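Number of protein chains: 2
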Amino acid sequence: MSSVYPPRPALSLELLSTPCLVLEREKLARNLARMAATVAARGVHLRPHLKTAKCAEIAHLAAPDRAPITVSTLREAEYFAHHGWTDIFYAVGFGPGKLARAAGLLRAGVRLVTMVDHPDTAAALAEFAQREKLTFRTVIEIDSGDHRGGVTPSSALLLTIARALGRHFAGVATHGGQSYAARSPQEIAAVAQTEVECVRIAATRLHMDGFPSEIVSVGSSPTALAAGLDLTGVTEVRAGVYMFWDLFQAGLGVCTVDDIAVTVLAEVIGRPADRPNEFLIDAGSFALSKDTATAALPPEKNAGYGWLCDLDGRHLPGLRVARTWQEHGLVVSDAPLPAGSFPIGSRVRVLPNHACPTAAAHDRYFVTTGDRGIVAEWPRVNGW
Amino acid sequence: MSSVYPPRPALSLELLSTPCLVLEREKLARNLARMAATVAARGVHLRPHLKTAKCAEIAHLAAPDRAPITVSTLREAEYFAHHGWTDIFYAVGFGPGKLARAAGLLRAGVRLVTMVDHPDTAAALAEFAQREKLTFRTVIEIDSGDHRGGVTPSSALLLTIARALGRHFAGVATHGGQSYAARSPQEIAAVAQTEVECVRIAATRLHMDGFPSEIVSVGSSPTALAAGLDLTGVTEVRAGVYMFWDLFQAGLGVCTVDDIAVTVLAEVIGRPADRPNEFLIDAGSFALSKDTATAALPPEKNAGYGWLCDLDGRHLPGLRVARTWQEHGLVVSDAPLPAGSFPIGSRVRVLPNHACPTAAAHDRYFVTTGDRGIVAEWPRVNGW
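Chains as they are written, first to last, in the working numbering: chain B, 1001 to 1384; chain W, 1001 to 1384.
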């Protein structure tokens, strides 16, 4: 040994254990700046959705100065509260089984926003709040066409729910998830305008009935960036996947492949002798996820389980993960692979079909700034 | 408060935070006993694959007295080594990038089995071992028809790889993954016999060339239980999903729905007013996984993203999770739902399509013994 205290070797993409999740900080920053500028120019607040990133270090960049955020689980709410955020919208239909944990957050000073779409939930929440001497801040979920949860803006239930909520009523929210089925900027813009119109109608009806809305919330990453959007009456826009983007969003035309900030680093572990245009990597359905969202796009945009990049993040057209097993991915090349390319032990990076489930398989980000060095490890808060 | 030290309320399926993973210990024990008895009766060793369970408490039941085990990641290998297992087969094609971590295991006294299928990997391993003064215990992967990794039993590469391995050679292994595409007991039995024949041919060729096999390893859960299997020449059988089973395996006829030992506990969070035969639960694609393996089975076995059980684990025919979003699952009933059924806040359990990815979304098991009480929490080792 040359020294009693040998310097720790600098961590790099060549040395990381594979598979793992790599985050390019400059692409993240560019994606955040684009969304922040677009939403700010429309005169409303951006309430970043941390369901994709699930990471305090990223929240500091996406929602600086502990600005309001959105989460998809109570574990995320508790984690971000622990890290100092106080205005947190839990944007999944609330269930009575979550009242006790929500109460813990309220008592800790968190201005939690809950969302309901059923009179029974509203009644359970109001009764619990009465007993526990708490005030909830609850929005009514509006179905603007995704048919996941929510009541339609014209539904009689809207006012029934507001009355059941009483002093716990805080506004309305919708998510135009059908934007993911849109196939042109015009279709996305139409969904975006429908989101806005639905919450506007709902908020107006509620206001006329004595329930003014503090929060009028819309959003999905595609609709948040839609051109020519009139957000009159809306107070905030929620979006999440824009932080990283992915091949599905690139396929929708909402971002470019070069904007995608996360990739899965993998090692070439197999070169089948009789299949020269294929190789195996150590990233399978667990490291990449089973998501095949791009299969719903035109064939030239179907990425299988992900498109390939070289170690420096340059997209390698014609190479995709065509099949997965738990810990194996089979890469297939459209064109014959040059002899000697992708030898055993070489490394590649896989662009995700859908960043949310891919990231969810990993417990941390290895952060780069465009070269092969790792400048930070940022943990994620998975689970519930 | 009635007491200075109030008793902690007993944890139960009614009180757990949802979604979460529930494991029925008696079903697990029954599944383990069936596989152990079947393999023992054939005179070979069972080397349980912990890729599904990823849990030391379960390994104590599946591989008691620290019997040999199989793993799918080096993190699993390190975790089980920490818990005292020493004979650990890392049954994924080995990559040179994993040599340093494997060396750490060897130096800690673990009798790690590695698997290679390429002369370059064998050469890299032998060179590293020479430099680091280590002895690996390496099997050659045989392709018995799954076309994932491996060399065919008749390939000239077989002997090339064995010679490159030299003293690190330990035997042959295969995985008849094509059994998952079989649709009858006869087809599964044929795959099982092919697995055995392929390793037998490979081991014989290697033996004639001066490389006797210490390990001749076959297995998948369906083939391990195939009727009338002649395992002459085989030393061990590997299997993993048999510990829990799932709807895909039940669809293959390898187990019954009642054998499935894991379910996802979920709360009813939505009852759309205009869709009386549907409801929303708080288990979506993250808690259930995106796996739709049963879609490849006959339509009556297509479980969507999972079939439903009541809180006591009784299967509710005709109810399935038909659509998922990140944190929402849409349950659709084939028959009209009785008025008042599945109210907001009620709880259900979802049988997994594919136990491996569903379990991988969760950090622990909540263990029951058939009633609603939770008798233990068992952690899982996810990731890499």
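The beta-carbon is built from N, C-alpha and C at its ideal position, and this holds for glycine as well.
Just so you know, these numbers come straight off a predicted model, no measurement behind them.
Runs of the alpha helix (DSSP H) lying entirely within the region 1134-1168 of chain W and spanning at least 4 residues, in chain order: 1157-1165. Between the alpha carbons of W:Val1110 and W:Phe1244 lies a distance of about 27 Å. If you draw a straight line from the Cα of B:Leu1311 to the Cα of W:Ala1062, it is about 40 Å long. Cβ-Cβ separation between W:Val1216 and W:Val1172: approximately 6 Å, consistent with a contact (criterion under 8 Å). Here B:Gly1233 is not near B:Ala1202, since their CB atoms are 8 Å or more apart. Nearest CB-CB separation between B:Pro1357 and chain W: below the 8 Å threshold. Scanning chain B for C-beta atoms nearer than 7 Å to the C-beta of W:Gly1093 yields Ile1269, Gly1270, Leu1280, reported in chain order. When DSSP reads this structure, W:His1175 sits in no beta bridge, so it has no partner. By the criterion of a C-beta distance shorter than 6 Å, B:Glu1024 is surrounded in its chain by Ala1261, Thr1368, once the five residues flanking it on both sides are discounted.
Listed along chain B are Pro1272, Ala1273, each with a C-beta nearer than 9 Å to that of W:Val1151. Residue state for W:Tyr1305 is assigned as coil, using DSSP reduced to three classes. Three or more beta-carbon pairs separated by less than 8 Å link the region 1242-1257 of chain B to the region 1287-1298 of chain B, which places the two stretches in contact.
For B:Gly1251, no Cβ of chain W is located within less than 8 Å of the residue's own Cβ.
Pairwise C-beta distances place the region 1251-1258 of chain B out of contact with the region 1074-1087 of chain B, as fewer than three of them are shorter than 8 Å. B:Pro1119 sits in a helix when the DSSP states are folded into three classes. Runs of the beta strand (DSSP E) spanning 3 or more residues and lying entirely within the region 1178-1229 of chain W occur at 1215-1218, in chain order.
At a cut-off of 8 Å between beta-carbon atoms, W:Glu1327 makes contact with chain B. The C-beta of B:Asp1120 comes closer than 8 Å to at least one C-beta of chain W.
Within the same chain, Cβ atoms closer than 7 Å to the Cβ of B:Asn1277 are found at Val1332, Ser1333, Pro1336, Leu1337, the five residues on either side in sequence being excluded.
Counting only runs of 4 or more residues that sit fully inside the region 1016-1081 of chain W, the alpha helix (DSSP H) segments are 1025-1041, 1056-1062, in chain order.
Within 8 Å of the CB of W:Trp1384, the CB atoms of chain B belong to Ser1017, Thr1018, Pro1019, Cys1020, Ala1287, in sequence order along the chain. Considering only B:Pro1212, B:Ser1289, B:Glu1078, the residue with the shortest C-alpha distance to B:Ala1359 is B:Ser1289. The C-beta of W:Gly1304 comes no closer than 8 Å to any C-beta of chain B. DSSP places B:Phe1248 outside any beta strand (DSSP E); the residue lies instead in the alpha helix (DSSP H), whose first and last residues are 1247-1252.
When the beta-carbon positions are compared, B:His1060 and B:Glu1236 stay at least 8 Å from each other. Per the C-alpha coordinates, the member of W:Asn1302, W:Glu1076, W:Pro1352 positioned closest to W:Thr1263 is W:Pro1352.
Residue-level contact check: B:Asp1291 touches chain W, since one or more beta carbons of chain W fall below 8 Å from its beta carbon. Distance check between W:Gly1097 and each of B:Pro1272, B:Arg1148, B:Ala1266, B:His1207 places B:Ala1266 closest, using alpha-carbon atoms only.
Judged by DSSP secondary structure, B:Ser1285 falls within the alpha helix (DSSP H) whose first and last residues are 1285-1288. Excluding sequence positions up to five before and after B:Leu1105, its CB lies within less than 8 Å of the CB of Leu1074, Ala1077, Glu1078, Ala1081, Ile1088, Leu1112, all in the same chain and listed in chain order. Taking the beta carbon of B:Ala1360 as reference, the chain W residues within 7 Å of it are Phe1286, listed in sequence order. Nearest neighbour of W:Ser1221 by Cα position, chosen from W:His1175, W:Ser1213, W:Leu1013, W:Pro1153, turns out to be W:His1175. Residue state for W:Gly1104 is assigned as helix, using DSSP reduced to three classes. Residue environment analysis places B:Lys1051 among the buried positions, since at least 16 neighbouring C-beta atoms fall within 10 angstroms of its C-beta.
Among the residues of the region 1202-1223 of chain W, none has a Cβ less than 8 Å away from any Cβ of chain B. One thing to note: B:Gly1177 has its Cβ no nearer than 8 Å to the Cβ of B:Ala1126.
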